[in-house]
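Taking it in order: structure first as structure tokens, then the write-up.
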Amino acid sequence: MKSVYKARPYRVFLNLLFGLGAAIFVTAIASFFVKSTVAGFLLFIVVFAAYVWFIIINNLITIELDGRTLLIKTGKKTEKYDIDKTSIRAVTKTSRGETSCKLYLTKEGGTEELVDCELIGITKFMELLEELGLGETVAKLNTSHQKDLE
Numbered sequence: 101m102k103s104v105y106k107a108r109p110y111r112v113f114l115n116l117l118f119g120l121g122a123a124i125f126v127t128a129i130a131s132f133f134v135k136s137t138v139a140g141f142l143l144f145i146v147v148f149a150a151y152v153w154f155i156i157i158n159n160l161i162t163i164e165l166d167g168r169t170l171l172i173k174t175g176k177k178t179e180k181y182d183i184d185k186t187s188i189r190a191v192t193k194t195s196r197g198e199t200s201c202k203l204y205l206t207k208e209g210g211t212e213e214l215v216d217c218e219l220i221g222i223t224k225f226m227e228l229l230e231e232l233g234l235g236e237t238v239a240k241l242n243t244s245h246q247k248d249l250e
């Protein structure tokens, strides 16, 4: 059975809102130095377009799991992994209500590659981990900033 995990529309929309906020913030700061409305508008367009290109379009992802083969498509790049010959680890991190999902894949004799799965969402990411057989091996780390009182 083939499973397909794609970028969730609400995650893309949320990132568009973040990009809009970033563009407004940068434009507001720049307006103290640049008094031209046209220059401010152009700066807004450039920042927003750069955010969309580098953060959203470059991170659009499709993950296909077909038996023992994992196919990852990001942008124009496609990578194929044989699960039996690939070391897999995953990291999820929640900070201030935002969760990042990262998958680390190491081909046999190769270097570790990072796959940012943030756009598929935490629920689909956890389903992917279950299908990969990593669901039972999750270790939760305590990241408290308190000092050890030994």
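Per this note's numbering, residue 101 is the first one in the sequence shown, and the count goes up by one each step. In this text, a Cβ means the ideal position worked out from N, Cα and C, and glycines have one as well.
{"Check": "Endpoints, alpha helix (DSSP H) assigned at T169", "Outcome": "Here T169 belongs to no alpha helix (DSSP H); instead the beta strand (DSSP E) covers 169-174."}
{"Check": "Residue range of the unbroken alpha helix (DSSP H) whose run includes K224", "Outcome": "222-232"}
{"Check": "Where the alpha helix (DSSP H) through I145 begins and ends", "Outcome": "137-151"}
{"Check": "Given 8 Å, three or more beta-carbon pairs between the stretch 142-149 and the stretch 108-126", "Outcome": "yes"}
{"Check": "Under the three-state DSSP convention, the category L116 falls into", "Outcome": "helix"}
{"Check": "Alpha-carbon spacing of N158 relative to I222, whole angstroms", "Outcome": "19 Å"}
{"Check": "Uninterrupted beta strand (DSSP E) stretches inside the stretch 163-220 (no shorter than 3 residues)", "Outcome": "169-174, 177-182, 186-195, 198-207, 212-216"}
{"Check": "V126 - DSSP class collapsed to helix/strand/coil", "Outcome": "helix"}
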